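Shown next, in structure tokens, is the structure this report addresses.
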Amino acid sequence: NLSFAAELLIKGLLLVTDKKTSKGHQLNQLFSELNESVRKQIKNRYEQFQIIDKDDKSLSSFIMTVNKGQEDKTISSLDKDLKTFLETHSKTFEAWRYVYEIGESGFRYEIDFKSMHCFIKALIETLNSIEWPGRFHRLE
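Start counting the sequence shown at 6; every next residue gets the next number (my numbering).
Right under this line is the structure:
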């Protein structure tokens, strides 16, 4: 699951940069716990990857809706800044993990694979740019 991978990468960045741990799955909350310098690096890299990958047709958005009355508010990958992306995908891991629990109101889950891919690449590149001592070692 891409959302879970993003969550673990953010938690890894928190541990490496600020020596702190965090709980929960909400990407926007976890991201806000990173120090400002790291957030800026991720944002800049995310925006660069959005431009580089704009013509990549192998990744797209996917929306699953079980609710007839819900309006479609799809935002294309290119229209998503990092803040919007994090708000849209904040609870993606929980939502898709428990997709079988359909309540009376139904659901609408969105996953933008292209933006998620850009976000994960930005997280990995940021993590790889940081030198840290101890038991963490980058694989070449």
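Just so you know, even glycine gets a beta-carbon here, dropped at the ideal spot from N, CA and C.
None of the values given here were measured: they were computed from a predicted structure.
Beta-carbon separation of residue i and residue j under 8 Å?
{"i": "His122", "j": "Ser8", "result": "no"}
{"i": "Lys85", "j": "Asp117", "result": "yes"}
{"i": "Asp135", "j": "Ala11", "result": "The amino acid at residue 135 is misidentified as Asp; the sequence shows Ile. Contact: no."}
{"i": "Leu18", "j": "Leu39", "result": "yes"}
{"i": "Leu32", "j": "Leu91", "result": "yes"}
{"i": "Leu35", "j": "Lys119", "result": "no"}
{"i": "His30", "j": "Lys96", "result": "yes"}
{"i": "Arg50", "j": "Glu130", "result": "yes"}
Looking at the secondary structure, which residues open and close the alpha helix (DSSP H) in which residue i lies?
{"i": "Gln31", "result": "Note, Gln31: premise wrong, no alpha helix (DSSP H); not H, not E."}
{"i": "Thr93", "result": "Leu87 to Thr93"}
{"i": "Asn49", "result": "Glu41 to Ile57"}
{"i": "Ile135", "result": "No alpha helix (DSSP H) contains Ile135, which DSSP labels as neither H nor E."}
{"i": "Lys16", "result": "Leu7 to Asp23"}
Nearer than 7 Å: is that true of the beta carbon of residue i relative to any heavy atom of the ligand MN?
{"i": "Val43", "result": "In the structure on display, the ligand MN does not appear, and there are no ligands present to speak of."}
**OP:** Decide yes or no for the touch test of the region 53 to 63 against the region 12 to 29: beta carbon pairs closer than 8 Å, at least 3 of them.
**Re:** no
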